[in-house]
Amino acid sequence: MKPKNRKFGILRPVSGNTESQNMRRDKTIHMGFKDNEVLKAVMAKKPSKCYFCEFHDEYFLEPHHLDGDHTNHTDDNVVAACTLCHAQNHIFGLALDKKAEICVLSADISQEILNQLQRTLLVLSHKSDHIDIELSNFARRHRQELFLEPLKRHQRPNPAKISDAEYTRLMFEDIQAFNAIKTRTQNIDTNLYFTHIKFNNMEEYEEAKQEDTLNANVDFVDQLRKYKDWYLRAIKENKNFSLYQLAKSLALVTDEAYEDFELPNHFIVFSPSIFTNEQYEYYQTLDVFKNINMKRVQ
1 MKPKNRKFGI LRPVSGNTES QNMRRDKTIH MGFKDNEVLK AVMAKKPSKC
51 YFCEFHDEYF LEPHHLDGDH TNHTDDNVVA ACTLCHAQNH IFGLALDKKA
101 EICVLSADIS QEILNQLQRT LLVLSHKSDH IDIELSNFAR RHRQELFLEP
151 LKRHQRPNPA KISDAEYTRL MFEDIQAFNA IKTRTQNIDT NLYFTHIKFN
201 NMEEYEEAKQ EDTLNANVDF VDQLRKYKDW YLRAIKENKN FSLYQLAKSL
251 ALVTDEAYED FELPNHFIVF SPSIFTNEQY EYYQTLDVFK NINMKRVQ
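Each residue of the sequence shown is one higher than the one before, starting from 1 at the first, in the numbering used here.
Take a look at the structure:
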């Protein structure tokens, strides 16, 4: 019986084994897998399809340890996983190698189903002699609409590229959001910048300027400076959209809590570098992708 679907995982080290602790920092999830005769024997008995999403693959399936113990090579613990479904269980390595990001979608689907869609779009958008150019361009545009645009909308912009005018807009938006919840019962950090603001919006600032332009400008510059300082700290501490921060947080979660861990509407979006050129060449020869190509051409 398959375990409960998990959208995210981490590379859990074997306790007490210093060498295995370093596996967290390996950019390759299973370095030396092809030299491990025990794993090779176990994998040879597995069907050529992903345990999670059932994608058929004769050459590039990877061994995944269900209990997280990478020394437990028993037949019921090791399953065959496609690159995407395996990687989603090892997001620390993904984060270090920058092969994926976090995207927020309104879709009510599993990460495994999304992986199938991503794989199709990645394979079709990878230009080669196997794929029609028109179809390749279509897949690339479709992937951008589905993943990259929502990704951009839910990420904070690069602070180094933000103008004072944009900082001002962001500041008043954040102040408005803070004022909307501060009267509720939730606990709010009293060290937040927004607890000592002088202007709640641009209109209040303009009114203050009419009374005393000099003091209003000084107060506004001071408020904007404090907001920038708060904003930079917030970005540094933000764990919502950083795959690296999410992996570090999950590493501290107990096994019991991890079983029930859910982050609704947050999905892993893989970059094209998640597959090797050899994988792309092989996948583009599979009927499941060739048929899409033929229908498009016809």
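Built from N, CA and C at the ideal position, the CB exists for glycine as well.
{"query": "Residue interval of the beta strand (DSSP E) (run including I268)", "result": "H266 to F270"}
{"query": "With 16 other Cβ atoms within 10 Å as the buried cut-off, status of L148", "result": "exposed"}
{"query": "Spatial neighbours of N200 in its chain, beta-carbon cut-off 7 Å, leaving aside the 5 residues before and after", "result": "I175 and N179"}
{"query": "Separation of L114 from E54, as counted between CA atoms", "result": "13 Å"}
{"query": "Length of the line joining the Cα atoms of G9 and I109", "result": "17 Å"}
{"query": "C85 vs E112 beta-carbon contact at 8 Å", "result": "yes"}
{"query": "Residue nearest to C82 in terms of C-alpha spacing, selected from E278, K49 and I102", "result": "K49"}
{"query": "Cα-Cα separation, T307 to S136", "result": "Residue 307 lies beyond the stretch modelled for the chain, which goes from 1 to 298, so this question has no answer here."}
{"query": "Cβ neighbours of F172 in the same chain (closer than 6 Å, five flanking residues each side left out)", "result": "N201"}
{"query": "F52 versus L61: straight-line alpha-carbon distance, rounded", "result": "11 Å"}
{"query": "Cα-Cα separation between N158 and D255, rounded to whole angstroms", "result": "35 Å"}
{"query": "Endpoints, the beta strand (DSSP E) within which A81 is located", "result": "V78 to A81"}
{"query": "The beta strand (DSSP E) enclosing A107, as first and last residue numbers", "result": "Premise fails: A107 is in no beta strand (DSSP E) and is neither H nor E."}
{"query": "Identity of the residue in N215, E207, T71 and L122 nearest R143 by Cα", "result": "L122"}
{"query": "Inter-residue CB distance, A100 and I268 (contact presumed, cutoff 8 Å)", "result": "5 Å"}
{"query": "Beta bridge counterpart(s) of H64 as assigned by DSSP", "result": "V79"}
{"query": "Residues sharing a beta bridge with A257, DSSP", "result": "For A257, which the question treats as bridged, DSSP gives no partner whatsoever."}
{"query": "Under the three-state DSSP convention, the category M23 falls into", "result": "Because M23 sits at a pLDDT of 42, beneath the cut-off of 50, its placement in the model cannot be relied upon, and the point is left open."}
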